[in-house]
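This is the structure we're talking about:
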């Protein structure tokens with residue numbers, strides 16, 4: 611079995627140079643550091659069988675869950691990021707395109723009626739909203755009208771769908787034209803510029819309705835998905851142990867998943883300060899002297915909980931950082947081997963070795979102008 615598994619794993623070009631990660635329902639909502647769908651798909655296909663249950667304890671925006679549905683596997687997705695969990699829930703929901711189109715029309719109708727009313731909605735022109743610093747006045751006004759109309763929908767799954775669609779277009783319709791790192795660092799735009807957020811919302815919602823329609827026409831959904839907000843540094847409570855774990859743990863000092871979605875946090879009125887504190891390896895911690903040891907401690911705590919719900923001889927397929935980079939202002943460039951940490955701590959067997967892949971995204975260059983890389987590693991629980 612091990613030789614056959616190794617042959618299958620080494621026969622794949624894991625670089626997927628021409629792969630487009632944002633297509634179909636995968637493009638429902640932008641997300642930094644997205645799990646490449648082709649990697650998730652191949653790991654699921656090789657390491658599991660139809661009907662197996664897969665856990666992704668760092669599911670982010672649900673890439674592995676969608677690929678599990680495609681391959682008729684049951685999936686459990688956990689993450690401490692509420693926007694990621696909301697995106698994942700929507701992706702795993704079988705929605706009626708006809709009903710969504712009707713609801714989209716009703717959203718416009720309610721928003722238009724509200725715009726022409728003399729009385730303002732309960733959330734229109736919130737004087738204390740942090741979004742005032744990011745959006746031009748009319749853009750913000752239309753944003754609140756759309757948000758108000760969406761929240762009047764009665765079906766929770768449909769409300770979630772349109773909330774996610776509106777959240778997706780926040781960044782491009784804000785006046786901050788730089789990448790997500792500027793939003794994460796709370797760098798507000800110097801000049802507010804009006805944007806057509808209604809058009810953006812309409813185009814994205816319509817595109818996603820069609821994507822969901824095509825996806826569920828092509829996929830015979832017999833699997834079950836469970837998605838839940840959970841901090842994996844706490845015990846995982848599920849009824850039965852899982853057959854496999856397919857995941858990409860957060861890389862140390864690279865991404866602020868919470869702060870990158872600052873605008874969504876402001877719209878949903880979530881507590882960004884509380885959630886950023888529990889994020890493992892967050893980019894904002896990069897200047898802390900103890901960041902490396904803190905990351906190792908958090909990862910081992912999380913995987914102790916993950917290990918407790920993985921069946922004996924179960925497989926763990928992980929995508930992990932392979933780049934040596936400077937983690938703190940005081941430390942030399944270091945490399946944290948997550949797989950080796952797990953082998954030493956829990957006695958896993960590394961059955962794949964380190965399958966290296968180069969990242970094609972030029973924005974992910976290291977400090978010396980070299981492309982960053984990742985390892986794909988398959989471990990087996992004894």
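Numbering (this note's numbering), first residue to last: 611 to 992.
Glycine residues also receive a C-beta, built at the ideal position from the N, C-alpha and C atoms.
- Message: Can you tell me whether residue 903 is buried or exposed? The criterion is at least 16 other CB atoms within 10 Å of its CB, across all chains shown.
- Response: exposed
- Verify whether the separation of the beta carbon atoms of residue 863 and residue 901 is less than 8 Å. yes
- Within 10 angstroms of its Cβ, does residue 648 collect 16 or more other Cβ (buried), or is it exposed? buried
- Query: Does DSSP classify residue 943 as helix, strand or coil?
  - Reply: Below a pLDDT of 50, predicted positions are generally treated as unreliable, and residue 943, at 45, falls in that range; no measurement from the model is reported.
- Residue interval of the beta strand (DSSP E) (run including residue 966): 965-968
- Message: I'd like the list of long-range same chain contacts for residue 752, defined as Cβ closer than 7 Å, with 5 residues on each side in sequence excluded.
- Response: A distance below 7 Å between beta-carbons, with the five flanking residues on each side excluded, links residue 752 to the following residues of its chain, in chain order: 807, 808.
- Query: Taking DSSP as the reference, what is the three-state secondary structure of residue 739?
  - Reply: coil
- Item | Residues bridged to residue 960 [DSSP beta-bridge criterion] | Answer is 989, bridged to residue 960.
- Message: Can you look up residue 796 in the DSSP assignment and give me helix, strand or coil?
- Response: Looking at residue 796 - three-state DSSP - the assignment turns out to be coil, as it is neither helix nor strand.
- Message: Closest to residue 695 by C-alpha separation, out of 874, 912, 825, would be which residue?
- Response: When only C-alpha atoms are compared, the closest one is 874.
- Query: When the distance is taken between beta carbons, is residue 688 closer than 8 Å to residue 814?
  - Reply: no
- Task: Could you check if residue 675 is buried or exposed, using at least 16 other CB atoms within 10 Å of its CB as the buried criterion?
- Result: buried
- Report the partner residues of residue 665 according to the DSSP bridge assignment. 686, 855
- Message: Suppose contacts are defined by Cβ-Cβ distances below 8 Å. Is residue 747 in contact with residue 876 by that definition?
- Response: no
- Query: By how many angstroms is the C-alpha of residue 909 removed from the C-alpha of residue 890?
  - Reply: Roughly 7 Å between the two C-alpha positions.
- Straight-line Cα distance separating residue 882 from residue 869: 7 Å
- Query: Between the C-alpha atoms of residue 796 and residue 906, what's the straight-line distance to the nearest angstrom?
  - Reply: Residue 796 and residue 906: Cα-Cα distance of roughly 27 Å.
- My understanding is that residue 853 touches residue 612, with C-beta atoms under 8 Å, so please give their C-beta distance in whole angstroms. Residue 853 to residue 612, Cβ: 17 Å. No contact.
- Message: Quick check: residue 681 and residue 656, are their CB atoms within less than 8 Å of each other?
- Response: no
- Message: If we define contact as Cβ-Cβ less than 8 Å, is residue 659 a contact residue for chain D?
- Response: The structure shown contains no chain D; it holds only a single protein chain.
- Message: Taking the beta strand (DSSP E) that residue 658 belongs to, which residues open and close that run?
- Response: Unbroken run through residue 658: none, as it is neither H nor E.
- Task: Can you have a look at residue 722 and say buried or exposed, based on whether 16 or more other CB atoms are within 10 angstroms of its CB?
- Result: exposed
- Query: According to DSSP, what are the bridge partners of residue 927?
  - Reply: 856, 988
- C-alpha gap between residue 616 and residue 985, whole angstroms: Taking the straight line joining both Cα atoms gives about 15 Å.
- Contacts around residue 960, its chain only, beta-carbon distance under 7 Å, and the 5 residues preceding and following it disregarded: 949, 953, 987, 989
- Query: Is it right to say residue 684 is buried, meaning 16 or more other beta carbons lie within 10 angstroms of its own, or is it exposed?
  - Reply: buried
- Message: Please report the distance separating the alpha-carbon of residue 764 from that of residue 713.
- Response: Taking the straight line from one Cα to the other gives about 10 Å.
- Reducing DSSP to helix, strand and coil, say where residue 750 ends up. helix
- Backbone CA spacing between residue 983 and residue 947 [nearest angstrom]: So the alpha carbons of these two residues sit roughly 13 Å apart.
- Task: To the nearest angstrom, report how far apart residue 942 and residue 964 are at their CA atoms.
- Result: Any reading at residue 942 must be qualified, since the residue scores a pLDDT of 46, below 50, and its modelled position is unreliable; no value is offered.
- Which residues in the same chain as residue 715 place their Cβ atom closer than 7 Å to its Cβ, once the five residues preceding and following it in sequence are excluded? none
- Message: By the DSSP assignment, the alpha helix (DSSP H) with residue 868 in it spans what residues?
- Response: Note, residue 868: alpha helix (DSSP H), 867-870.
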